[in-house]
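K.L.:
Below is the structure I would like to discuss, written out as structure tokens.
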Amino acid sequence: MPTRRFKMLDAILFVILLLIGYGCSVKNKFSIINFAHLYNHAEKPLITGLKIFHESDSNSRVYVRYKPSSLHYVLKMGRSYYRADYSISYRLFSSYESAAIVDSSTFKMFDSLYFQNDLSLVYNFPIKTLPGNNYIVEIKFSDSNRGIDSYYSQEINRKDANNSQHFLLVDQQDEVIFEEWVSWKTKFRIITPKTNLTKLFVDYYDDVFPAARTPFSLSHSPVYQLKPKEKYILEINDGITDYLQYGREGFFHFRSDSITKDGFTIFRFHDDYPEIKESELMPGPMRYITTDPEYAMLAASKEPQTIVEKFWIEVAGNERRGFQLLENYYDLVKDANLFFTSYKEGWKTDRGMIYMIFGAPTEVFKKSEIETWIYGDPQKRTRLHFDFIQNKNPFTTNDFELVRQPDYKNPYFVAVDYLRR
16 MPTRRFKMLD
26 AILFVILLLI
36 GYGCSVKNKF
46 SIINFAHLYN
56 HAEKPLITGL
66 KIFHESDSNS
76 RVYVRYKPSS
86 LHYVLKMGRS
96 YYRADYSISY
106 RLFSSYESAA
116 IVDSSTFKMF
126 DSLYFQNDLS
136 LVYNFPIKTL
146 PGNNYIVEIK
156 FSDSNRGIDS
166 YYSQEINRKD
176 ANNSQHFLLV
186 DQQDEVIFEE
196 WVSWKTKFRI
206 ITPKTNLTKL
216 FVDYYDDVFP
226 AARTPFSLSH
236 SPVYQLKPKE
246 KYILEINDGI
256 TDYLQYGREG
266 FFHFRSDSIT
276 KDGFTIFRFH
286 DDYPEIKESE
296 LMPGPMRYIT
306 TDPEYAMLAA
316 SKEPQTIVEK
326 FWIEVAGNER
336 RGFQLLENYY
346 DLVKDANLFF
356 TSYKEGWKTD
366 RGMIYMIFGA
376 PTEVFKKSEI
386 ETWIYGDPQK
396 RTRLHFDFIQ
406 NKNPFTTNDF
416 ELVRQPDYKN
426 PYFVAVDYLR
436 R
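If you read the sequence shown in our numbering, its first letter stands for residue 16, the second for the next number, and so on.
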């Protein structure tokens, strides 16, 4: 009898452990998290920048940029000041699909100094990572006063010994530069833990790339055979370069080895990027919502701003609404540049094109090398799905290509017609 009793207890315990394991597996598999808030400025994302820097062979440092103005400050009884209570948590996984947590921690914070202040703050923390491995770090930013959790993710590449995460850009105030692009005004330095490195090989490109093809186009994706316009060597001493400043447009690819393609890229787009303020640049993003004759007229005009304004006024039926539609459209251009910049301006990318035509997606799901966007009410059958596949690109990890389908033609033109009303 005792033997049978213990066997029954063992069986019950096994089932309990199995159920616990199943529960943890579902809970920890964050590829089911909806990341739509990343691309929706109306929701005021709590985190505005993430950066990974491999500061040693065993440590990677995570930099998190956020705006206190997005936090909820409250005045509690017995206190004479407003205070925000929030936390930053992380969980480390081996992939998007993995259920096993490699590491995790939570950092609790509060603030009363930056109430109603629009500046950005940066918090950083180290995590243990090992060379030869890749990871996914999930960041959860929690606003305790509002009871809101926002999730973010970032790939950590430890397999490539010379990739961009071994280098960090800082400005003249030693503040981390989170974007992959710089303006003509920006003076910056490059930092690396590789203190024995004495030079970087730099390739400069001035190629200009076209806007994305329509989502229903079945023509083959263009293949670019890029050749640098210029090559030079940048000296680096004790893990840091002198200050750099780029006036000319194009992109600069840095490598620590002249043989490998692995490295990092700094993009220098037009002045005022990610906004478009120069008159001659205004016709470009109009390509998605104009007919061929309309676009040819816009592109050939000697007064592009005037003719773009005229286009929107005619579409709207009156000047006031026309200028509002124009402003709304170029706000989409700016957002696309902020969210989707890769080897070309964000509005020219596949995700940028879909974002500008259909707006912010209802749902966004991430898996290894794929991002899925869904539009429409989850309770209805008429939903629109877009899959974007991550391209292997030596210049950027943010190059995603749309899986195009003929069925997208009708919803595309319906959305364009809506934008033109």
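From the three backbone atoms N, C-alpha and C, an ideal C-beta is built for every residue, glycine too.
Can you tell me where the alpha helix (DSSP H) with D441 in it begins and where it stops?
P.N.:
The first residue shown for the chain is 16 and the last is 436, placing residue 441 beyond what the model contains.
K.L.:
Look at the alpha carbon of K317 and the alpha carbon of E70, and state the distance between them as a whole number of angstroms.
P.N.:
51 Å
K.L.:
Which whole-angstrom value describes the C-beta separation of D221 and P146, a residue pair presumed to lie in contact below a C-beta threshold of 8 Å?
P.N.:
No, D221 and P146 are not in contact; Cβ-Cβ is about 35 Å, not under 8 Å.
K.L.:
If you draw a straight line from the alpha carbon of F216 to that of Y247, how long is it in whole angstroms?
P.N.:
6 Å
K.L.:
Does the contact criterion of 3 or more C-beta pairs under 8 Å hold for the stretch 226–240 versus the stretch 366–383?
P.N.:
yes
K.L.:
Measure the Cβ-Cβ separation of F140 and F122 and say whether it is below 9 Å.
P.N.:
yes
K.L.:
If you measure between the beta carbons of T280 and T411, is that distance less than 9 Å?
P.N.:
yes
K.L.:
Is H52 helix, strand or coil when you go by DSSP?
P.N.:
Under the three-state reduction of DSSP, H52 is assigned to helix.
K.L.:
Would a C-beta distance cut-off of 9 Å place L128 and V117 closer than the cut-off?
P.N.:
no
K.L.:
Can you grab the Cα-Cα spacing for the pair S40 / A114, in whole Å?
P.N.:
With a pLDDT of 43 at S40, under the threshold of 50, the modelled position of that residue is not reliable, and the figure given next carries that caveat. If I take the Cα positions, the gap works out to 5 Å.
K.L.:
Look at the Cβ atom of L136, then the Cβ atom of I205, and state whether they are nearer than 9 Å.
P.N.:
no
K.L.:
Please state if the CB of F326 and the CB of E309 are separated by a distance shorter than 9 Å.
P.N.:
Taking C-beta atoms as the reference points, E309 and F326 count as a pair closer than 9 Å.
K.L.:
Using a Cβ distance threshold of 8 Å, determine whether the stretch 293–300 contacts the stretch 262–277, with at least three qualifying pairs required.
P.N.:
no
K.L.:
Can you give me the C-alpha to C-alpha distance between S198 and R94, rounded to a whole angstrom?
P.N.:
43 Å
K.L.:
Quick one: what's got a C-beta closer than 6 Å to D133's C-beta in the same chain, skipping five residues either side?
P.N.:
If we look at D133 and ignore the five residues flanking it on each side, its Cβ neighbours are S84.
K.L.:
Taking the Cβ atom as the reference point for each residue, do Y88 and Y81 lie within a distance shorter than 9 Å?
P.N.:
no
K.L.:
Please list the terminal residues of the continuous alpha helix (DSSP H) segment that includes A315.
P.N.:
307–315
K.L.:
DSSP three-state call for T280: helix, strand or coil?
P.N.:
T280: strand per DSSP, three-state reduction.
K.L.:
Measuring only the C-alpha atoms, how far is H52 from T213?
P.N.:
42 Å
K.L.:
From V223 to K359, what distance separates their C-alpha atoms?
P.N.:
8 Å
K.L.:
In the DSSP assignment, what are the bridge partners of A99?
P.N.:
D126
K.L.:
Going by DSSP, name the residue or residues bridged to G64.
P.N.:
R80
K.L.:
Measuring straight from C-alpha to C-alpha, what distance separates M124 and S102?
P.N.:
6 Å
K.L.:
Measuring CB to CB, does T201 end up less than 9 Å from Q260?
P.N.:
Judged by their CB atoms, T201 and Q260 are nearer to each other than the 9 Å cut-off.
K.L.:
Since Y150 contacts S383 with CB under 8 Å, what's their CB separation in whole angstroms?
P.N.:
That pair is no contact at about 12 Å.
K.L.:
Of the choices G265, D164, K66, T305, whose alpha-carbon is the least far from that of N172?
P.N.:
K66
K.L.:
Around the C-beta of K424, are 16 or more other C-beta atoms found within 10 angstroms, so that it is buried, or is it exposed?
P.N.:
exposed
K.L.:
Go ahead and pull the three-state DSSP assignment for K349.
P.N.:
helix
K.L.:
With distance defined between alpha-carbon atoms, name the residue in V431, S234, F401, F182 nearest to T210.
P.N.:
F182
K.L.:
What first and last residue would you give for the beta strand (DSSP E) that runs through K424?
P.N.:
No beta strand (DSSP E) holds K424; the alpha helix (DSSP H) holding it covers 424–434.
K.L.:
Tell me which residues share the same chain as P409 and place their Cβ nearer than 6 Å to its Cβ, disregarding the 5 neighbours each side in the sequence.
P.N.:
K276
K.L.:
Assign A315 to buried or exposed, taking buried as 16 or more other Cβ atoms, counted over all protein chains shown, within 10 Å of its Cβ.
P.N.:
exposed
K.L.:
According to the neighbour-count rule (16 or more other Cβ atoms, all chains shown, within 10 Å of its Cβ), is D287 buried or exposed?
P.N.:
exposed
K.L.:
List the whole-angstrom C-beta distance separating S168 from V185, where the pair is believed to meet the contact cut-off of C-beta under 8 Å.
P.N.:
The beta-carbon separation of S168 and V185, rounded to 24 Å, does not stay under the 8 Å limit for a contact.
K.L.:
In whole angstroms, what is the alpha-carbon distance linking D158 and D164?
P.N.:
6 Å
K.L.:
Could you give the first and the last residue of the continuous beta strand (DSSP E) run that contains Q405?
P.N.:
For Q405, the enclosing beta strand (DSSP E) covers residues 399–405.
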